[in-house]
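Read the structure below first, then the notes.
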Amino acid sequence: MSWGGVQLGRIFGIPIRVDYSWGVIAALMTASFAAGFGQNYPYLGLASRLSLGLSACLLLFGSVLAHELAHAVVALRNGVGIKGITLFIFGGAAEMTQEPESAGAEFRIAIAGPLMSLFLAIWFWGIYLFARGTLPAPFMDVMTLLARMNLVLVAFNIIPGFPLDGGRVLRALLWGVWGQFGAATKVASGVGSLFGSMVIFIGLAWIFLLDNIVGGVWFVFIGLFLRHAARSSYQQLLIRTALRGVRARDLMVEDVSCVPPRMRLSTVVDEVMLPNGDTSVPVVEGGLLVGMLDFDSFRGLSRADLERMTADEVMSRELAVRAVDANDEATSVLPMLQKANTLVPVVSQGVLVGVLSRDEASRRLSTLLESPTP
Ligand SMILES: [Zn+2]
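My numbering numbers the first residue of the sequence shown as 18 and each following residue consecutively.
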């Protein structure tokens with residue numbers, strides 16, 4: 018769902034990012050708002066219509082951001098870290114670094130967003146009621162539009178299907194009553210998945226019974242998204258539960274061949290890399306990791322270059338900086354390993370203690386997950 022994006026800045030220290038998909042939606046929304054204002058107020062020029070449409074769009078953007086910031090601030094107050102807020106095609110997401118520790122914390126974090134949207138709906142409606150008759154009618158329309166949009170945000174988010182806010186509230190309640198996080202997540206995700214299926218069904222009914230293809234397709238699309246989100250968030254939870262306590266040191270290869278910085282490249286290739294079949298080699302000085310040699314390091318070098326140059330002249334210091342700590346959780350290391358196409362060095366206080374390779378890590382992982390753990 019993510020196409021990449023840009024970081025706008027930070028609020029309360031939380032990085033705010035906008036997904037490129039949001040730009041597409043923003044353009045469509047501005048255009049359709051502007052067209053609406055044109056119909057209601059034919060005397061408005063194109064520039065006024067567009068600026069009204071754009072202000073409505075930006076205020077909606079601000080509303081979604083406020084909703085996510087409410088989640089984020091309450092999360093931080095409850096000891097849950099926030100990686101950042103991303104605004105994307107279906108609204109926004111405040112990414113938490115871990116699950117809340119208690120049902121109470123989860124409840125407060127989940128309810129904060131919809132409460133903020135409800136507050137904003139009342140606030141925009143309040144401006145409309147107080148300023149009606151004094152300010153221009155198109156401006157009043159923007160206020161009622163924003164009040165309605167924020168109500169839609171409340172309505173959509175209080176649907177009790179995980180991972181929507183309402184689903185998190187449901188999970189927190191079940192968790193509080195049963196005292197079991199896993200079972201509560203299972204039921205809340207099940208409801209989310211069921212709700213997604215219902216939305217798909219409604220969409221299909223629209224398409225075939227009412228001949229409303231555009232509206233119906235939107236419903237089917239949203240339903241599929243909800244179902245996918247519910248299932249994948251439950252699967253992620255299962256994986257995280259299974260991986261609890263597994264650390265980088267459990268997945269790494271300890272017996273690593275490494276080379277000193279002043280070793281001639283021809284020696285590195287002929288005596289270390291080729292005999293061992295290694296595609297990358299850590300460069301170590303006095304036990305400390307100083308760089309990594311990989312395929313890219315040798316790109317464009319001739320045999321004569323290999324005879325002449327040493328490891329420290331071509332090694333990547335950047336790859337060494339990206340080393341993981343032996344105590345890092347597998348859940349944070351594995352996504353990184355998925356992306357890396359070379360070995361990831363593992364250090365403990367700067368000293369190289371092993372390397373992670375994708376193949377070896379997944380082999381060890383399956384052994385760990387098959388063996389019964391206490
Ligand atoms: Zn929310």
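In this text, a Cβ means the ideal position worked out from N, Cα and C, and glycines have one as well.
- Its chain contains 163 as the residues whose beta carbon lies nearer than 6 Å to that of residue 76, once the 5 sequence neighbours on both sides are disregarded; these appear in chain order.
- At a Cβ-Cβ threshold of 7 Å, residue 265 and residue 343 count as neighbours.
- In terms of side-chain proximity, the C-beta atom of residue 130 is found nearer than 6 Å to a non-hydrogen atom of ligand 1.
- Cβ contact annotation for residue 263 (same chain, cutoff 7 Å, sequence separation greater than five): 347, 385, in chain order.
- Rounded to the nearest angstrom, the Cβ distance from residue 84 to residue 134 is 5 Å, consistent with a contact under 8 Å.
- Between residue 177 and residue 187, the beta carbon gap of about 4 Å places them in contact (Cβ cut-off 8 Å).
- Taking C-beta separations shorter than 8 Å and ignoring five residues to either side along the sequence, the partners of residue 199 in its chain run 254, 258, following chain order.
- Excluding five sequence positions before and after residue 184, the CB atoms of its chain that fall closer than 6 Å to its own CB belong to 177, 178, 205, 209, given in chain order.
- Here the C-alpha atom of residue 239 lies approximately 19 Å from the C-alpha atom of residue 103.
- For residue 175, no alpha helix (DSSP H) segment is defined, and its DSSP state is neither H nor E.
- Apart from sequence neighbours up to five positions away, the residues of its chain that approach residue 100 with a beta-carbon distance below 7 Å are 112, 114, ordered along the chain.
- The continuous alpha helix (DSSP H) containing residue 183 extends over residues 182-195.
- For residue 306, DSSP records a beta bridge to 301.
- In the displayed model, residue 313 falls within a helix according to three-state DSSP.
- Judged by beta-carbon spacing, residue 23 lies beyond the 7 Å limit of residue 41, meaning their Cβ atoms are not closer than that value.
- Here residue 359 carries a coil assignment [DSSP, helix/strand/coil].
- Excluding its 5 nearest sequence neighbours in each direction, residue 137 has C-beta neighbours in its own chain below 7 Å: 80, 83, 167, listed in chain order.
- Taking C-alpha positions only, residue 30 is separated from residue 226 by approximately 50 Å.
- Residue 371 sits close to residue 270, with the two beta carbons spaced by under 7 Å.
- In this structure, residue 91 places its C-beta atom within 7 Å of the C-beta atom of residue 129.
- C-alpha of residue 182 to C-alpha of residue 118: approximately 17 Å in a straight line.
- By the CB criterion at 7 Å, residue 298 and residue 307 fall outside the cutoff.
- Two segments are said to touch when three or more pairs of C-beta atoms, one from each, lie closer than 8 Å; by this definition the segment 241-252 does not touch the segment 267-282.
- DSSP, read as helix, strand or coil, puts residue 292 in helix.
- According to the DSSP assignment, residue 252 belongs to the alpha helix (DSSP H) that extends over 230-260.
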